[in-house]
Amino acid sequence: MNAKISPVVVRIGAIVAIFMSLYHLYTGALGAPEALMHRSIHLLFTLILIFIAYPYSSKKYRVYGRQIDFTFMGVSIAAILYIFLNYEYFMTRYPYVHPLSTMDLIMGILFTLTLLEAARRSIGLAMPITSIAFLAYTYLGPYLPGLLHHKAIPTETIIDQLYMTTEGIFGIPLGVSATYVILFIIFGTFLEKSGTGQLFMEIAAATTGKSKGGPGKIAVVSSGLFGTISGSAVANVMVTGQFTIPMMKRTGFAPHFAGAVEATASTGGQIMPPV
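Note that my numbering has the sequence shown beginning at 5, numbered continuously upward.
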């Protein structure tokens with residue numbers, strides 16, 4: 005976060021985060037709505053929080069920074085609201101058969117660009133550049149040789165898959181995030197703030213803390229312990245990584261190595277027997 009966030013915007017972000025948490029706790033307990041509806045609600049909450057937490061910070065256009073942020077939020081709300089208002093149409097149409105309307109194309113293109121900007125702000129340029137490269141490949145196929153050659157894919161087909169179905173933006177990865185990962189993030193935050201999470205660290209430290217490479221071994225043991233609860237590598241990283249990665253960095257582990265240790269340990273943790 006490169007720019008100062010005003011107290012009013014912080015309050016708005018807190019309210020959005022509270023409603024997001026309540027929504028996911030409710031759906032986690034009583035069941036989620038249909039996939040497209042559930043995933044789009046989750047993504048809308050996430051996008052609003054991203055544009056609040058990572059404000060536009062260009063010195064050249066700083067005067068218009070918040071206007072730009074709220075514009076992206078408005079596009080996010082409009083694109084998801086368009087799905088809600090036309091939900092029966094989205095559910096009953098045949099993908100790649102029914103032609104897209106002009107509004108479908110506009111909303112799909114604007115929403116895709118908004119997602120690329122949200123990714124750029126939150127995780128850097130690597131993911132947006134990779135996504136743009138694959139999107140460009142759909143158009144450049146006729147000009148490429150050999151195995152890379154293919155017929156150009158129409159914009160309508162691209163938007164159809166990305167925005168109009170649960171195969172693109174609203175696909176399985178977003179579904180996993182909306183159904184499982186977010187609950188463990190909330191759970192992990194509760195463990196951190198309540199002090200309960202320290203229990204995993206203390207058990208792991210008592211077992212391996214005094215041996216050579218102790219912090220790395222603590223990460224492995226704590227991820228294994230939490231894996232008995234979550235069964236998810238991503239959830240393990242989100243919960244135990246909050247403690248173990250900073251601890252490893254403080255004791256001299258290189259940042260990239262600390263992240264790699266936690267990712268590997270959490271991946272192994274998902275095969276632990278459930279408790």
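Each residue gets a CB set at the ideal place from its N, CA and C atoms; glycine is no exception.
Can the beta-carbon of residue i be found closer than 8 angstroms to that of residue j?
| i | j | result |
| --- | --- | --- |
| VAL185 | VAL243 | no |
| LEU109 | ALA83 | no |
| PHE76 | GLU121 | yes |
| ILE190 | SER25 | yes |
| THR118 | VAL79 | yes |
| PRO219 | MET251 | yes |
| PRO59 | ASP164 | no |
| GLY245 | GLU266 | yes |
| VAL224 | ALA269 | yes |
| ALA258 | ILE249 | no |
| LEU40 | ILE9 | no |
So the alpha helix (DSSP H) residue i belongs to, where does it begin and stop?
| i | result |
| --- | --- |
| VAL38 | A quick correction: the sequence has Glu, not Val, at residue 38. Where GLU38 is concerned, there is no enclosing alpha helix (DSSP H), given that its DSSP letter is neither H nor E. |
| ALA10 | Reading the sequence as shown, one finds Ser at residue 10 and not Ala. From DSSP, SER10 is part of no alpha helix (DSSP H); its letter is neither H nor E. |
| LEU148 | No alpha helix (DSSP H) holds LEU148; DSSP gives it neither H nor E. |
| LYS253 | 237–254 |
| GLU266 | 259–273 |
| THR159 | 159–167 |
| ILE233 | 218–234 |
Rounded C-beta distance between residue i and residue j? I'm assuming under 8 angstroms.
| i | j | result |
| --- | --- | --- |
| MET131 | ALA123 | 5 angstroms |
| HIS42 | ALA182 | 6 angstroms |
| ILE56 | ILE16 | 7 angstroms |
| GLY172 | PHE230 | With a Cβ gap of about 32 angstroms, GLY172 and PHE230 do not count as contacting. |
| LEU29 | LEU178 | With a Cβ gap of about 19 angstroms, LEU29 and LEU178 do not count as contacting. |
Nearest chain D C-beta to residue i closer than 8 angstroms, yes or no?
| i | result |
| --- | --- |
| LEU29 | Among the protein chains of the structure shown there is no chain D, as only one such chain exists. |
Margin query: Threshold first: 4 residues or longer. Then list the alpha helix (DSSP H) segments lying entirely within the segment 52–118, N to C.
Written below: Complete alpha helix (DSSP H) runs here, min 4: 69–89 and 91–96.
Item checked: the segment 145–158 contacting the segment 13–27, beta-carbon criterion three pairs below 8 angstroms -> Under the 8 angstroms Cβ criterion, the segment 145–158 does not count as touching the segment 13–27, having fewer than three qualifying pairs.
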